[in-house]
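Q: For the protein sequence lines, the chains are X and R, in the order given.
By the working numbering, the letter at position 572 of the first sequence is numbered 572, and the numbering carries on one by one without gaps.
By the working numbering, the letter at position 326 of the second sequence is numbered 1326, and the numbering carries on one by one without gaps.
Even for Gly, the Cβ is constructed at its ideal location relative to N, Cα and C.
There are 2 protein chains.
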Amino acid sequence: PEGFGDLDRTAIDTARVLAMEAVQQAGNGHPGTAMSMAPAAYLLFQRWLRHDPTDPQWVARDRFVLSMGHSSLTLYVQLYLSGYGLELDDLRALRTWGSLTPGHPEVNHTPGVETTTGPLGQGVGNAVGMAMAARRERGLLDPDAPEGESLFDHTVWAFCSDGDLEEGVSGEASSLAGTQRLGNLVLVYDDNKISIEDDTTVAFTEDVGKRYEAYGWHVQHVDDGEDLAALDAALAAAKAETRRPSIIVLRTIIGWPAPNKQNTGASHGSALGEDEVRATKEILGFDPSTSFDVDASVLAHARKVVDRGRSAHAEWQERFTAWQQANPGGAALLERMTTRTLPDGWAEQLPSWPADEKGVATRKASGEVLAALYPALPELWGGSADLAESNNTAVKGEPSFLPADRQTKTWSGGPYGRTLHFGVREHAMGAVMNGIALHGGTRVYGGTFLTFSDYMRGAVRLAALMQLPVTYVWTHDSIGLGEDGPTHQPIEHLAALRAIPGLDVVRPADANEVAVAWRTILEHNDRPAGLALSRQNLPVFDRSQVASAEGTARGAYVLAEASSGAPQVILLGTGSEVQIAMAAREQLEADGIPTRVVSVPCVEWFAAQDRAYREEVLPRTVRARVSVEAGIPQGWRDFVGDAGRIVGIDHYGASAAYGVLYEKFGFTAEAVVAAARESI
Amino acid sequence: PEGFGDLDRTAIDTARVLAMEAVQQAGNGHPGTAMSMAPAAYLLFQRWLRHDPTDPQWVARDRFVLSMGHSSLTLYVQLYLSGYGLELDDLRALRTWGSLTPGHPEVNHTPGVETTTGPLGQGVGNAVGMAMAARRERGLLDPDAPEGESLFDHTVWAFCSDGDLEEGVSGEASSLAGTQRLGNLVLVYDDNKISIEDDTTVAFTEDVGKRYEAYGWHVQHVDDGEDLAALDAALAAAKAETRRPSIIVLRTIIGWPAPNKQNTGASHGSALGEDEVRATKEILGFDPSTSFDVDASVLAHARKVVDRGRSAHAEWQERFTAWQQANPGGAALLERMTTRTLPDGWAEQLPSWPADEKGVATRKASGEVLAALYPALPELWGGSADLAESNNTAVKGEPSFLPADRQTKTWSGGPYGRTLHFGVREHAMGAVMNGIALHGGTRVYGGTFLTFSDYMRGAVRLAALMQLPVTYVWTHDSIGLGEDGPTHQPIEHLAALRAIPGLDVVRPADANEVAVAWRTILEHNDRPAGLALSRQNLPVFDRSQVASAEGTARGAYVLAEASSGAPQVILLGTGSEVQIAMAAREQLEADGIPTRVVSVPCVEWFAAQDRAYREEVLPRTVRARVSVEAGIPQGWRDFVGDAGRIVGIDHYGASAAYGVLYEKFGFTAEAVVAAARESI
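1. Using a C-beta cutoff of 7 Å, does Q324 (chain X) count as contacting chain R?
2. Got a sec: which bits of the segment 1398 to 1413 of chain R sit with their beta carbon under 9 Å from any beta carbon on chain X, in order along the chain?
3. So, does the CB of R535 (chain X) fall closer than 7 Å to a CB anywhere in chain R?
4. Mind the definition here: the segment 195 to 203 of chain X touches the segment 239 to 248 of chain X only if three or more C-beta pairs lie below 8 Å; say whether that holds.
5. Quick one: list the residues of chain R neighbouring A720 (chain X), beta-carbon separation under 8 Å, in chain order.
6. Straight-line CA distance for A532 (chain X) to D307 (chain X)?
7. What distance in whole Å lies between the Cβ atoms of Q467 (chain X) and D386 (chain X), which are believed to be in contact at a cut-off of 8 Å?
8. Would K193 (chain X) pass as an interface residue toward chain R - the criterion being a Cβ-Cβ separation below 7 Å?
9. Across the segment 269 to 278 of chain X and the segment 24 to 32 of chain X, are there enough close Cβ pairs to call them in contact, namely three or more that are closer than 8 Å?
10. Name the one or two DSSP bridge partners that I1247 (chain R) has.
11. Which of the three DSSP states, helix, strand or coil, is assigned to K261 (chain X)?
12. In three-state DSSP terms, what is F1401 (chain R)?
13. Taking beta-carbon pairs under 7 Å, can you tell me which members of the segment 1204 to 1220 of chain R lie near chain X?
14. Which residues, taken in chain order from the segment 1064 to 1095 of chain R, show a beta carbon closer than 8 Å to some beta carbon of chain X?
15. Give the C-beta separation of L1079 (chain R) and G1112 (chain R) to the nearest angstrom, bearing in mind that I take them to be a contact with Cβ-Cβ under 8 Å.
16. Is there at least one Cβ from chain X nearer than 7 Å to V1647 (chain R)'s Cβ?
17. In chain order, what residues of the same chain lie with their CB nearer than 6 Å to the CB of V470 (chain X), ignoring the 5 residues before and after it?
18. S1705 (chain R): buried (16+ other C-beta within 10 angstroms of its C-beta) or exposed?
19. From what residue to what residue does the beta strand (DSSP E) around T1321 (chain R) run?
20. If we call anything under 7 Å between Cβ atoms a contact, is L66 (chain X) one with T117 (chain X)?
21. For a minimum of 4 consecutive residues, which ranges assigned as the alpha helix (DSSP H) are wholly contained in the segment 1594 to 1670 of chain R?
22. Rank R:A1630, R:V1017, R:V1640 by C-alpha distance to the C-alpha of Y1662 (chain R) and give the top, closest one.
23. Looking at the unbroken beta strand (DSSP E) that takes in I1570 (chain R), where does it start and where does it end?
24. Out of curiosity, what's the CA-to-CA distance linking Q1682 (chain R) and W1256 (chain R)?
25. Which bits of chain X does A1388 (chain R) rub up against, with CB to CB less than 7 Å?
26. For P501 (chain X), would you say it is in contact with chain R, using Cβ-to-Cβ distances shorter than 7 Å as the test?
27. Quick one, which residues of the segment 1601 to 1623 of chain R are near chain X if we go by CB-CB under 9 Å, in chain order?
28. Under a CB-based cut-off of 7 Å, is W1381 (chain R) close to chain X?
29. Quick one: residues in its chain with C-beta nearer than 7 Å to the C-beta of Y212 (chain X), no 5 flanking neighbours on either side, listed in chain order?
30. If you drop the 5 nearest sequence neighbours on each side, which residues of the same chain put their C-beta closer than 6 Å to that of D1198 (chain R)?
31. Against R637 (chain X), what residues of chain R qualify as contacts under a CB-to-CB distance less than 7 Å, listed in chain order?
32. For a contact defined as C-beta to C-beta under 7 Å, what are the partners of Y652 (chain X) on chain R?
33. Name the chain R residues whose beta carbon is nearer than 7 Å to that of Y455 (chain X)?
34. What's the call for F1606 (chain R), buried or exposed, on a 16-neighbour Cβ count within 10 Å?
35. So G1032 (chain R) and S1291 (chain R) are supposed to be a Cβ contact under 8 Å. How far apart are they, rounded?
36. For W1346 (chain R), which residues does DSSP report across the bridge?
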């Protein structure tokens, strides 16, 4: 490419050498792709990525996603060469305890890393989400600027591998990106035809370019990963294409130019070995007797990207300051979004519900909460994996987030709209939500049936690992779903989701708990939460007779105290089963057994309370305890203890009306009363 | 189509009417697709599907998969019209407790239903698996027959919807089917452009036909779902194409011909309402004043398919008897496969390992078990989602299951090969494994890293729900994976998998436990199992000093008794942590504390033991207990009780050598000793 010289070529070869050396030093790792993708990575970081290495959080920066996280060195070496603060010692410490260079890149750990990748396909979904967030952000802050001229226009660049594109999640996300016409997204596919089982012919023979054409993408082919001019031209054309997402199918030879290990599965995930490293360095004209030995002039040349970045940033800053002055409202919103601060008085918008025996489904209450909050919180948006009406995730009257020509008679909107349509793609929804949160600014939620949390689990785990504040609206949260039967009835899901470290699972017992639950979730900026909401109506408790729903925020609270004030037995329930505990309490009290009911909307929030509060709610002296939840017993022993009883279900459900199922499967006040008597 | 007459046309309209009526009767359900796919379904069941409704288990039958399980009436009505034993009363009982017509079709529940569907995309994966199993079965029994002439040649037909094709799992499976050149697979895609959120333009605009061309499929378009002649010709061409899987993109109008609700999301998942049902019946020339009123001559005409099926079956049976006589070995194998009976003496092939401090990784032991069993169990086959070497799932010298032209320098094989290459597609692997098991005959296993069980969870749950004997080889089962870091280190997965009802999670402590674990798993025909296996070497216990590994089959057993015979504390461990319990025992015994170690390879198997055995292993009198497992504590309270202690990890791992991680995260003999002292 124009302006590229010998120092650049040496820098690229330096990247290859460092990748080999770092893996060799660690004794394990993934050298091959970092070697063959070094030209593309260097070209991107030096010429195309708009970034300021001295401010990795610059709000207008382009984003870079390395979907093939195993090739973390592809990124680490560019962060080193670009002056993000990573140094040779960090590369030397690859894959060791406490280093800045863990096996897979980790966001919030290494400056310049935009997302945690490794589980394949996720990064593609993250990149799609980032591109969507960028468009929404522009719509919130600067909708009228001509295309390409907004302060908030930026590009999302992602690298991905064969494995990424074999995973279904990337296909889902890419199809969605095509529908959304994400012109601000560029994907470089490292088409090396090698995966861990070597030649991909045994498993992956499709025409990827054609598949992406089918998705509506702009597809380019570069037949040689070493052809910098061709790649540069392709990146230019990709960036110039603003009506469709772009993919560049880049043919590379993994491990190039290692004389024996290039183009082999062995170079994917193992150190090359000292002899091969030496031979490769000789081929590249590097001194095989030294290691981690970077030519100072090469490094200085590469790090000129810092000056270019600073100057682009400064130029932007000037325009930005002018924009702030001209748009005080937008500036305040951006400030709030960037820092994830909620506006004063926002929580006053939350609805409350009067006591009501017939009640309301908690999914419906959730929809009413969202509708109430929408005016106060423009950063809040979301949608569903094709279950908008069931999940109550679409706020009436709000525009859909859609290219103008994708509107339908049911959904109007535009490119800056607010209601997301993920399609029947739960896994991509999760990965896209992560990308939106990683991009920053907006606050996203996404809905599906609780049972299909299984489909998105790979992405949910990463949200928890990355501590991203995304919210899952998981409705139809038990056998209470009824007639759709066992495939659609979650049984094990509450336990299985509580198992994920760092995820809050919130199952409100009535509409007023829903409001407090949403408030509490939105007050957290450091973790994902999943709401488990009922399909069926749940009575709204008479809060003049029982405790305030404020207790929801503490995870568990005494909803109804024993009449004597000294409970002989404690009944714990969650969600739709709290009403059963309340009915059981009535019977027990009538029989002279003082009974306390504890509502447990969120195990994780309760665990975070101090010991005194926990003891107050569940005094150790009261050993007679019964839990009731329409899910597997797993986990409840921690609450009920050796003397307690667990009313649960340890098998699959059935297709019938929900009332029938509650009876047949023993979720009745009588069953809870019997369990209480046993426990006493 | 030739031979189709008025009675056939009326039968098709009868199917539409019954679908409307059944949903109206139930008050909820999915009428729309059953109405618009009635022509295709009737055509298939009457003319193309080779089946004998009087013997739904006929081994040579074609298979039919309804991937869009919500449209269960598409299938139920054809089962009724084809004489499978479903009658009008069953349709009347749609979606009610105990009926043969649950909301989504359930295998082993309703004769003629080949797989449980509902979670979208899974049926496509099942169909791909069935087609693969059919090829493998032919290879085992009749490899030399000319194409199309084997007794075991049959076709897998599947219907799928927009939602199915939006899900990534179907894309993964379809890409695999293209690579495998599954000419015995025909997919009919109901391209109605409507999903729950109505017009799919908001979420799904890709060119599906082109995408399937990219996968290497034979793609046909039929522009009108009511054009029986065109559809018939397309089905003929699809069946005739034996070198590639076929997809027919069939344009239909959902809910056709309901005057107001056709072509709407409303007709997808709700009863049409009495007025609309009446109006539709009038359009179709049916009497709106009656319901479930089927013309006897129409039914008699449709049920002639029974005679045709019986006669095809009888003809086949004659050839089959001749084959049995000519191929006694094959006949015996088929009998064994059909009944899932293991051959005499097979378990004698299992390897055993001498005591060895340095030890062997349990994943490696698993590979040795497979290699030892392969000669005795030709029905056993499997592979990995691109991690063959890591999962130890490929037996050396065995041919790969591949079209001949897909062989590589690493993998030789052929269409009847044994080693499966799933590619980086865990979810499809799970769905395909389900299809293979549903097809019957062979016994399949599939491997990936334990952490990626998350990606396949949707399929694992269905395996458990369907009670399918598939085996997951989940290796790298803890932070013991080491340098690849937190994205690759399972923390919550053991608990989250144990949560799934009907799944056995098996985590052997040493190589000899691996052998007994595999034996026990293969002896079960009614459930899936997942092996959790170590990356790192584990010592092989000296079985002359500790109990026999036979105890593995009981789920938990006393590995080492307290020296006094009367334990003061019990240490429970699983997998790689049992050695830590053993080391802790040594320290405790040295300090005069009689200590028992219980190895707990499978919680589910232990739960199935009688009370006396469980009491023997974990006597209630010994309340001092410590569990140690490199996973979250969830679930262990049931074993250790109120007085017990749990040594676990409730946060994510890190990238470092595994020895460092065990130290840093407190998985040491010292930590277990300290916990034991606390518990005492």
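A: The relevant details are as follows:
1. If you number the first sequence from 1, residue 324 (chain X) lands on position 324. Chain R contact via Cβ: absent.
2. Residues of the segment 1398 to 1413 of chain R whose Cβ lies closer than 9 Å to any Cβ of chain X, in chain order: S1400, L1402, D1405, R1406, Q1407, T1408, K1409, T1410, W1411, G1413.
3. Your numbering for residue 535 (chain X) matches position 535 in the first sequence. So, not an interface residue.
4. no
5. Given that chain X is displayed from residue 1 to residue 680, the structure contains no residue 720 (chain X) and the question cannot be resolved.
6. Residue numbering aside, residue 532 (chain X) sits at position 532 when the first sequence is read from its first letter. Residue numbering aside, residue 307 (chain X) sits at position 307 when the first sequence is read from its first letter. Taking the CA atoms as reference points, A532 (chain X) sits about 50 Å from D307 (chain X).
7. Here the question's residue 386 (chain X) lines up with position 386 in the first sequence. Here the question's residue 467 (chain X) lines up with position 467 in the first sequence. Contact between D386 (chain X) and Q467 (chain X) does not hold, since their C-beta atoms are separated by about 28 Å, which reaches or exceeds 8 Å.
8. Taking the first sequence and counting its residues from 1, one reaches residue 193 (chain X) at position 193. It does not; no Cβ of chain R falls within 7 Å.
9. yes
10. Numbered from its first residue, the second sequence carries residue 1247 (chain R) at position 247. Note: I1247 (chain R) sits in a beta bridge opposite R:L1187, R:V1219.
11. For the purposes of this step, residue 261 (chain X) is identified with residue 261 of the first sequence, where counting begins at 1. Of the three classes helix, strand and coil, the one that applies to K261 (chain X) here is coil, per DSSP.
12. Translated into positions along the second sequence, residue 1401 (chain R) becomes position 401. In the structure shown, F1401 (chain R) sits in a strand (DSSP, three-state: E or B).
13. F1204, T1205, E1206, D1207, K1210, R1211, E1213, A1214, Y1215, G1216
14. G1069, H1070, R1095
15. Taking the first residue of the second sequence as 1, we reach residue 1079 (chain R) at position 79. Taking the first residue of the second sequence as 1, we reach residue 1112 (chain R) at position 112. The Cβ separation is near 4 Å, so the contact holds.
16. In the second sequence, the residue the question calls residue 1647 (chain R) occupies position 647. Not a single C-beta of chain X is nearer than 7 Å to the C-beta of V1647 (chain R).
17. To locate residue 470 (chain X), count along the first sequence from 1; it is residue 470. Correct list, in chain order: M433, A437, V444, A463, P528.
18. Since the displayed chain R opens at 1001 and closes at 1680, residue 1705 (chain R) lies outside it and no answer follows.
19. Sequence index remark: in the second sequence, residue 1321 (chain R) carries index 321 (1-based). T1321 (chain R) -> not in any beta strand (DSSP E); alpha helix (DSSP H) instead, spanning 1304 to 1326.
20. For the purposes of this step, residue 66 (chain X) is identified with residue 66 of the first sequence, where counting begins at 1. For the purposes of this step, residue 117 (chain X) is identified with residue 117 of the first sequence, where counting begins at 1. For L66 (chain X) and T117 (chain X), yes; Cβs fall inside 7 Å.
21. 1603 to 1607, 1611 to 1617, 1637 to 1640, 1658 to 1664
22. On the second sequence, position 662 is the one that residue 1662 (chain R) refers to. Checking every option, the nearest Cα to that of Y1662 (chain R) belongs to R:A1630.
23. Within the second sequence, numbered from 1, the residue matching residue 1570 (chain R) stands at position 570. 1569 to 1573 is the extent of the beta strand (DSSP E) around I1570 (chain R).
24. A query on residue 1682 (chain R) cannot be resolved here, the shown segment of chain R reaching from 1001 to 1680 and no further.
25. Within the second sequence, the letter at position 388 stands for residue 1388 (chain R). Those within 7 Å of A1388 (chain R) in chain X are E197.
26. Looking up residue 501 (chain X) in the first sequence gives position 501. So, interface residue.
27. R1623
28. Within the second sequence, numbered from 1, the residue matching residue 1381 (chain R) stands at position 381. Cβ-Cβ to chain X under 7 Å: no for W1381 (chain R).
29. Within the first sequence, the letter at position 212 stands for residue 212 (chain X). Closer than 7 Å at Cβ, skipping near neighbours: S174, V219, I247.
30. Here residue 1198 (chain R) corresponds to residue number 198 of the second sequence, with the count starting at 1. Only G1265 meet the Cβ criterion.
31. Looking up residue 637 (chain X) in the first sequence gives position 637. Near R637 (chain X) (Cβ distances below 7 Å), the residues of chain R are R1637, D1638.
32. Residue 652 (chain X) sits at position 652 when you count from the first residue of the first sequence. Per Cβ cutoff of 7 Å: L1465, P1501.
33. Counting from 1 along the first sequence, the entry for residue 455 (chain X) is found at position 455. Simply G1458.
34. In the second sequence, the residue the question calls residue 1606 (chain R) occupies position 606. Buried: at least 16 other Cβ atoms inside 10 Å.
35. To locate residue 1032 (chain R), count along the second sequence from 1; it is residue 32. To locate residue 1291 (chain R), count along the second sequence from 1; it is residue 291. With 8 Å as the limit, G1032 (chain R) and S1291 (chain R) do not qualify as a contact, their Cβ atoms being about 18 Å apart.
36. Numbered from its first residue, the second sequence carries residue 1346 (chain R) at position 346. Answer by DSSP bridge pairing: none, since W1346 (chain R) is not bridged.
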